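Beneath this line is the structure, given in structure tokens, with notes to follow.
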Amino acid sequence: MKTITSLDEISDGKLYDIDNFVLADSDGCQGCNACCHDVGDLVSLTPYDVYQILLHTGLGFDALIGDKVALKKEGKLNLPYLNMNSTTGNCAFLSKPRHKGEGGRCTIHTHRPDICRLFPLGRAYFDDGFKYFLQVDACVKPTLQSVKIETWLGISDYADYKWFLFEWYKLLKALTFRVKFIYDDAELTALNTYLIDTLFKITPDSERTFFQQFGDLLQDSKKQMGIL
Numbered sequence: 004m005k006t007i008t009s010l011d012e013i014s015d016g017k018l019y020d021i022d023n024f025v026l027a028d029s030d031g032c033q034g035c036n037a038c039c040h041d042v043g044d045l046v047s048l049t050p051y052d053v054y055q056i057l058l059h060t061g062l063g064f065d066a067l068i069g070d071k072v073a074l075k076k077e078g079k080l081n082l083p084y085l086n087m088n089s090t091t092g093n094c095a096f097l098s099k100p101r102h103k104g105e106g107g108r109c110t111i112h113t114h115r116p117d118i119c120r121l122f123p124l125g126r127a128y129f130d131d132g133f134k135y136f137l138q139v140d141a142c143v144k145p146t147l148q149s150v151k152i153e154t155w156l157g158i159s160d161y162a163d164y165k166w167f168l169f170e171w172y173k174l175l176k177a178l179t180f181r182v183k184f185i186y187d188d189a190e191l192t193a194l195n196t197y198l199i200d201t202l203f204k205i206t207p208d209s210e211r212t213f214f215q216q217f218g219d220l221l222q223d224s225k226k227q228m229g230i231l
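Per my numbering, residue 4 is the first one in the sequence shown, and the count goes up by one each step.
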């Protein structure tokens with residue numbers, strides 16, 4: 004959630020746009036799944052991520068909690084994260100290897116969360132939008148190929164996706180500030196429950212896209228949570 008002003012320690016020091024090329028292509032990972040282990044505290048899920056998982060699995064949000072998704076405290080907010088297997092440290096959506104010596108594969112790859120889709124890229128948010136950056140040495144593959152960021156992300160409705168990401172960033176930023184001044188446990192619980200029930204339980208609809216549904220809910224949700 005922090006706006007990044009210096010990328011020197013974690014990146015190549017450059018900022019990229021969606022149509023730029025960057026050394027990020029791992030060539031299908033070739034059986035590697037190193038970035039799918041022990042990352043439960045890193046992979047926070049957006050409402051769109053949850054929607055995509057629901058779309059892929061056919062499950063409801065509540066059915067994911069505990070096994071596939073964990074609700075974790077981020078300050079005073081209670082937000083969903085990808086769950087890790089308590090024994091192996093693997094992502095809960097990583098399959099078991101079919102053959103000895105193989106690595107497991109992501110079972111929701113076509114509908115994987117935004118952070119997974121980005122890797123080894125990241126986003127730096129600013130007041131008027133965001134840029135992409137390359138996390139140097141984040142991927143264990145020795146050689147990465149040049150790829151257009153738009154191609155790497157593989158999002159067909161990118162304009163809507165970009166709009167959602169920035170709106171979600173602004174909402175969380177405002178909400179994080181708002182809850183600093185909530186000291187009543189019941190009020191805080193009610194806000195967190197409302198956030199989950201309203202924005203994280205948007206279900207697949209054959210007539211309206213996720214972005215349409217989120218847009219319909221956005222302004223009233225801000226009002227209900229006291230961040231207008």
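Built from N, CA and C at the ideal position, the CB exists for glycine as well.
All figures in this text were calculated on a predicted structure; none of them were measured in a lab.
#1: What number of angstroms, rounded off, separates the C-alpha of residue 29 from the C-alpha of residue 46?
#2: Can you tell me where the alpha helix (DSSP H) with residue 203 in it begins and where it stops?
#3: For the stretch 148–212, which segments carrying the beta strand (DSSP E) assignment without a break, of at least 3 residues, lie completely within its bounds, in sequence order?
#4: Can you tell me whether residue 50 is buried or exposed? The criterion is at least 16 other CB atoms within 10 Å of its CB, across all chains shown.
#5: Identify, in the order they occur along the chain, each residue of the same chain with its Cβ nearer than 7 Å to the Cβ of residue 24, setting aside the five sequence neighbours on each side.
#6: Alpha carbon to alpha carbon, how far is residue 190 from residue 120? Give it in angstroms, no decimals.
#7: Residue 71: which of 141, 109 and 18 sits nearest, CA to CA?
#8: For the pair the stretch 86–95 and the stretch 125–143, tell me if three or more CB-CB distances fall below 8 Å.
#9: Please classify residue 55 as buried or exposed, where buried requires at least 16 neighbouring CB atoms within 10 angstroms.
#10: Return the residue from the list 229, 19, 207 and 136 that minimises the CA-CA distance to residue 184.
#11: Roughly how many angstroms separate the alpha carbons of residue 133 and residue 15, rounded to a whole number?
#12: Count Cβ pairs between the stretch 205–218 and the stretch 160–170 that sit closer than 8 Å; are there 3 or more?
#13: Suppose only complete runs of 4+ residues qualify. What are the alpha helix (DSSP H) ranges in the stretch 73–149, listed by chain order?
#14: Contact between the stretch 55–65 and the stretch 173–180 is defined here as three or more beta-carbon pairs at a separation below 8 Å; is this criterion met?
#15: State the CB to CB distance for the pair residue 36 and residue 107, rounded to an integer number of angstroms; the pair is presumed to be in contact (CB under 8 Å).
#16: If I measure Cβ to Cβ from residue 21 and keep anything under 7 Å in the same chain, skipping five residues before and after, which residues do I get?
#17: Beta strand (DSSP E) containing residue 27: first to last residue?
#18: By the DSSP assignment, the alpha helix (DSSP H) with residue 66 in it spans what residues?
#19: Would you say residue 80 and residue 182 are within 8 Å of each other, going by their C-beta atoms?
On the basis of the supplied data:
#1: Locating residue 29 in the sequence shown gives position 26, counting from the first residue. Locating residue 46 in the sequence shown gives position 43, counting from the first residue. Their Cα atoms are separated by approximately 20 Å.
#2: For this step, residue 203 is matched to residue 200 along the sequence shown. Unbroken run through residue 203: none, as it is neither H nor E.
#3: 148–151
#4: Looking up residue 50 in the sequence shown gives position 47. With 16 or more Cβ atoms within 10 Å of its Cβ, residue 50 is classed as buried.
#5: Reading the sequence shown from its first residue, position 21 is the one you call residue 24. Cβ within range, chain order: 149, 150 and 151.
#6: Start at 1 with the first residue of the sequence shown, and residue 120 comes out as number 117. Start at 1 with the first residue of the sequence shown, and residue 190 comes out as number 187. For residue 120 and residue 190, the distance between alpha carbons rounds to 35 Å.
#7: The residue labelled residue 71 in the question sits at position 68 within the sequence shown. Ranking 141, 109 and 18 by Cα distance to residue 71 puts 109 first.
#8: no
#9: Walking along the sequence shown from the start, residue 55 turns up at place 52. So residue 55 ends up on the buried side.
#10: Here residue 184 refers to the residue found at position 181 of the sequence shown. Ranking the options by Cα distance to residue 184, first place goes to 229.
#11: Within the sequence shown, numbered from 1, the residue matching residue 133 stands at position 130. Within the sequence shown, numbered from 1, the residue matching residue 15 stands at position 12. The straight-line gap from Cα to Cα measures roughly 17 Å.
#12: yes
#13: 117–121
#14: no
#15: As a working note, residue 36 is residue 33 in the sequence shown. As a working note, residue 107 is residue 104 in the sequence shown. Yes, they are in contact, since the Cβ atoms of residue 36 and residue 107 sit about 6 Å apart, within 8 Å.
#16: The sequence position of residue 21 within the sequence shown is 18, counting from 1. Only 152, 153 and 161 meet the Cβ criterion.
#17: Within the sequence shown, residue 27 is the residue found at index 24, counting from 1. Start and end: 24–28.
#18: Counting from 1 along the sequence shown, the entry for residue 66 is found at position 63. Residues 64–67.
#19: Along the sequence shown, one-based indexing puts residue 80 at 77. Along the sequence shown, one-based indexing puts residue 182 at 179. In this structure, residue 182 lies closer than 8 Å to residue 80 by Cβ.
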